[in-house]
Structures are given as C-alpha cells and as structure tokens.
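Okay, structure first, notes after.
Residue numbers (the numbering used here), protein chains in the order written: chain A, 251 to 463; chain B, 717 to 1037.
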C-alpha cells in the first residue's frame, strides 16, 4: 500500500516525513499542495488537516497529521524490518523522545522564526524584523552549543546510532545552511559540523534532496 | 522518652527525643547497625510528620565520602518534600517501585511542565519524590548538569535513566508502566498511539505557545500593561481562539482529543488551561464553547489532576524553622 503524503516538497515538515519513509523503505506518493495560492486553507484541505498545515498522510483508511507523530508511527511500524530509528530498549526510546522534544521546542522554534522573517515574509512583500532575527540567531547559537557538548560524548543525539531525533533536524539545518545563510552556526562547532555532514550524507536524505531539485 | 524543652512564640514547641537501645557489649558492630536503623526509622517518622529535626555533628572519615554524583543534598540547599502513593492502592500490583525523582523549580504555583509530569505519574500509580531546585541560585552542580544539559528543569531520574523534556518524560512513564494504572493513557495499539502522538504534537506546537503567552501576560505579568503587551495579548488570544474552534469541532466527534479515552494528549493541556481558567478572566474561551467546556470539566475533574492542584495549594514547610 502506497502512503499518500500531502504537501509541497519545498516545506520542512513534508521533507521530515519523506526522509523517514525513505529510511524505513515505505513507498509513497507525494501529492503537492500549493501554499502560495492558499490551497492549504481551503475547506477540502482542512478536512485533512484542520489547522491548515502540511503535511498530512493517508495510508488506506488511516489518516494522520503532525510530522513528528507520522515519523514515530512509521518508525515503530517498521522497527523490525528496517534501521531502528527508535532505539531497542525503553531507555533508548526515551532518549530519542527527549531529543525529539528538544528539536521541536528549543531548536525548531528559533529556526522557524528565522525562516519566517528571512524567507516567508519578504515573499509576501512584508519587511524583515532584523532585531528579531539577531535575537533568534543568538538563542539558536546557545542551543547549538549544548548540541556540541552532547555530540562530543556520542556520535548521534540519542546515542551510538542514527535515530528519529537526528533525522528530525535535517530540514531545519538545510534551511540554515542554504537559504538563510547561517551555515557558520554549524561550521563553527566541530561536533555539530561532523554530525551534520554524517546525517546529511545518508542515502534517504540525498533522495529527498533529489526530489527537491 | 520525650522531653518538652520550650514553647516559643506560642506556636513552636521544642522537644528532645531520647531513644533507648538494648545492646550486647560483645557485639558492637551489630549494635551500631541496629542503632543506625533506629535513627533512620526515627528520621522517617519526623519526615512523615513534617517535623524539622537535626542530628548532632558526627566525625566523618573523609576517605569514605559518597560518590560526587550522589543525588543527595544538604537540607538547607533546597526544599524537599515527598508524596507517596498510598501502598494499599497498589496492593497486589507487584514489587514496590523505587520512587521516581522529579527535579523541578521551587516556588508556587508549580510550573506547568512539572504538574504535567506529576499528573502522568499519578495516573500510572507510580510513586515519586519531588525535589525542588533553584537553578538560578544554586551553582551548577555536576549531577544536575548530567540530568539537564539544556540548563532548564524539570527532569526525572529513576533507576534506569535521567531524562528531561516533560512530554518525553510522560511518554517514558506511560510506556514503562503500561500495565498499571490508567492503561489507555498512551494507547493500547499503534493506531491509538499515533492519534495520541498527533494531538500531543498539536498541543505542543499550536495550543501551548499562545496559551502560555497569555497566561504569562495575564496571570503573572504586571497589572498595568504596555501597548506592546496589549497587542501581544490580542494576538495570542486570537491564535488560541482559532485553535479552540478546531478543538470544538473535534470534540463534537469524539469525547476526548485522540478518541474514546482520556489520554496523554488531553492530560498535556491541563496545567496551562488551569492557570487560564482560575487566574485570568479568559476562562470563558473554554467554558463558553459547548464541547470544549464539557471536555475541560471532565478532564479537570479527574482525581489525578485534583491531587496535583491540591499539592499546589499546600506548600511544603519552609526549611530551618
């Protein structure tokens, strides 16, 4: 059964879901949603995702939204057959959950604010709040310092192996290093930098990049 | 023997307690061991009765000090109180669990993230010990840095793991103790769990940001608001209203967010909604919506939440009195 993923390939949250599906070997069909024309706010889409956000998935009769819930579901479903993205013990899984929460709250909040100011608002003809960008960049730098300390003790965030916690960062860090021009935040931190190089070289992520280009 | 030594200010009573112990002078080791047990038992009783006590100084051999990452603190460093789930409730459930240590910030009211964790522990009938730590005034102790490298609390520690992030902690507790307490809390199959995860994410990304901002500005902010703050209140109220409109439709289709049962997804909403409803005048955002109002009355009426609210209203005794 092919999983239908609704959302544009250019948005971070659909990228997160596709990376996971590719890692665990689940076939999918990407159905684009045109954010520019407001397709995601129209009634037909709101039936799928009541908050008017992307992505949403449809797997037969099963429907789900929120990218981090989707990746948890598929990682758990294919834990036996594919790479173990969730850990094999309860304690390993808790570590993955812990760093997934850090990504969602400490990391993503800052990255999203920066992307909003630097990329989305200008596209809508609105001004960038430079002070806010500076503020968020400084906060993000502090968060990445903590990551650097963590990654000096283990190769991946949750431990010795690549997990959903690392995967979840891929779209956000890509934005930082490319469109936002803040790649220095990554390059200046040795352990974060080698971690980024490792996780962005994974086959599944490279396939997502191919779809993007 | 109990000797009443003094009554101070008509509200404090100083007593001395003399414990007596029968000893066999031929077996001093055994005697000292029994003496230690007696003293430990006495201190447990004092703790249960909230009696502050102090022991006379003892010479300590420095070569036998506990490990530097011991989690025990001197009593004048922080407030500490214990809540034990009554053992008769968990009769027959299995071996007694070591209490989970929950590290949280001091002061009243309890932080939303802490009450979220405690509610989950109570739902799962897991004994815990709440240890308050003031991360601003306490120097960064190595054992706390190990637990919370982001430098924010809360965090938990049990015999297998140290963990931070209140929603990660709730997931861990619900999964580890899946077979006890509220069994539906994190779903009984993958599809139920996926729905719970979905609404937990919604709570974290769409619900929590506007409501926590509103609570901060309205309940804990200065009485006179600046123009900027007024604008922020308006913005966040509008965002919250949009989310609650969606909840109103969802809760018309099912009794709880993720489906038929009360789950972590609903639980996660309790702390900040409680603040909004009791400490601001915006509670009507919830109570004036038919389905949301019904849902709120239901989840806030649960025993576990009432217990946590009760903990907030009776602060622990201050140290050193």
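Cβ atoms here follow ideal geometry from the backbone N, Cα and C, with glycine treated the same way. Here the structure is a predicted model, which is why all the values come from computation and not from measurement.
- Within the same chain, 417, 420, 454, 455 and 458 come within 6 Å of residue 269 (chain A) by CB-CB distance, once the 5 residues on both sides are set aside.
- Annotation for residue 844 (chain B): 815, 816, 818 and 837 place their beta carbon closer than 6 Å to its own, counting only its chain and skipping 5 residues before and after.
- Within the same chain, Cβ atoms closer than 7 Å to the Cβ of residue 893 (chain B) are found at 840 and 842, the five residues on either side in sequence being excluded.
- As the crow flies, the alpha-carbon of residue 822 (chain B) is around 31 Å from that of residue 899 (chain B).
- Separation of the CB atoms of residue 364 (chain A) and residue 386 (chain A) is rounded to 5 Å, and the pair is thereby assigned contact status at 8 Å.
- Contact annotation: residue 835 (chain B) and residue 931 (chain B) have beta-carbon atoms that are not nearer than 8 Å.
- Going by C-alpha positions, residue 847 (chain B) is about 18 Å away from residue 889 (chain B).
- Between residue 965 (chain B) and residue 300 (chain A), the beta carbon gap of about 7 Å places them in contact (Cβ cut-off 8 Å).
- Sorting B:944, B:1003 and B:991 by C-alpha distance to the C-alpha of residue 961 (chain B) places B:1003 at the top.
- Within the same chain, Cβ atoms closer than 8 Å to the Cβ of residue 263 (chain A) are found at 257, 303, 304, 305, 317 and 421, the five residues on either side in sequence being excluded.
- DSSP, reduced to helix, strand and coil, places residue 719 (chain B) within a strand of the structure shown.
- For residue 278 (chain A), the closest C-alpha among the options A:260, A:307, A:289 and A:328 is that of A:307.
- Every alpha helix (DSSP H) stretch that sits fully inside the region 359-438 of chain A and reaches 4 residues is listed by chain position as 380-401, 414-417, 420-427 and 434-437.
- Where residue 820 (chain B) is concerned, the enclosing beta strand (DSSP E) starts and stops at 816-820.
- Per DSSP, residue 747 (chain B) is one residue of the alpha helix (DSSP H) stretching across 744-764.
- Taking the C-beta atoms as reference points, residue 927 (chain B) is found nearer than 8 Å to residue 956 (chain B).
- Around the beta carbon of residue 979 (chain B), 16 or more other beta carbons lie within 10 angstroms, which makes this residue buried.
- Below 8 Å, too few C-beta pairs join the region 371-384 of chain A and the region 895-914 of chain B to call them touching: fewer than three.
- Your pair residue 344 (chain A) and residue 884 (chain B) checks out as a contact, with CB atoms roughly 6 Å apart and the cut at 8 Å.
- It is roughly 29 Å from the alpha-carbon of residue 260 (chain A) to the alpha-carbon of residue 405 (chain A).
- Listed along chain B, no residue sits closer than 9 Å to residue 405 (chain A) by beta-carbon distance, the nearest being about 16 Å off.
- Assignment of residue 339 (chain A) by DSSP, reduced to helix, strand and coil, places it in the coil class.
- The beta carbon of residue 718 (chain B) does not come within 8 Å of any beta carbon belonging to chain A, so the residue lies off that interface.
- If you look at residue 900 (chain B), you'll find it isn't in any alpha helix (DSSP H); DSSP assigns it neither H nor E.
- Legend: CB atoms of the region 426-457 of chain A lying less than 8 Å from CB atoms of chain B are not found in any residue.
- Residues of the region 262-290 of chain A with a Cβ closer than 7 Å to any Cβ of chain B: none.
- Within the region 865-950 of chain B, the complete alpha helix (DSSP H) segments at least 4 residues long are 882-892, 906-918 and 924-934, listed from N- to C-terminus.
- In chain order, 344, 345, 346, 347, 348, 349, 350, 351 and 352 make up the part of chain A whose C-beta sits under 9 Å from the C-beta of residue 884 (chain B).
- The Cβ atoms of residue 394 (chain A) and residue 361 (chain A) do not sit closer than 8 Å to each other.
- When secondary structure is reduced to three states using DSSP, residue 260 (chain A) falls in the coil class, being assigned neither helix nor strand.
- Here residue 831 (chain B) is near residue 1024 (chain B), since their CB atoms are less than 8 Å apart.
- In the three-state reduction of the DSSP assignment, residue 307 (chain A) falls in the strand class, which pools E and B.
- Note on residue 423 (chain A): 16 or more other CB atoms within 10 angstroms of its CB, so buried under the neighbour-count rule.
- Looking at the backbone, the Cα of residue 887 (chain B) and that of residue 750 (chain B) are separated by about 42 Å.
- In this structure residue 984 (chain B) is in contact with residue 919 (chain B), their Cβ atoms being roughly 5 Å apart against a cut-off of 8 Å.
- Just so you know, the alpha carbons of residue 730 (chain B) and residue 723 (chain B) end up roughly 6 Å apart.
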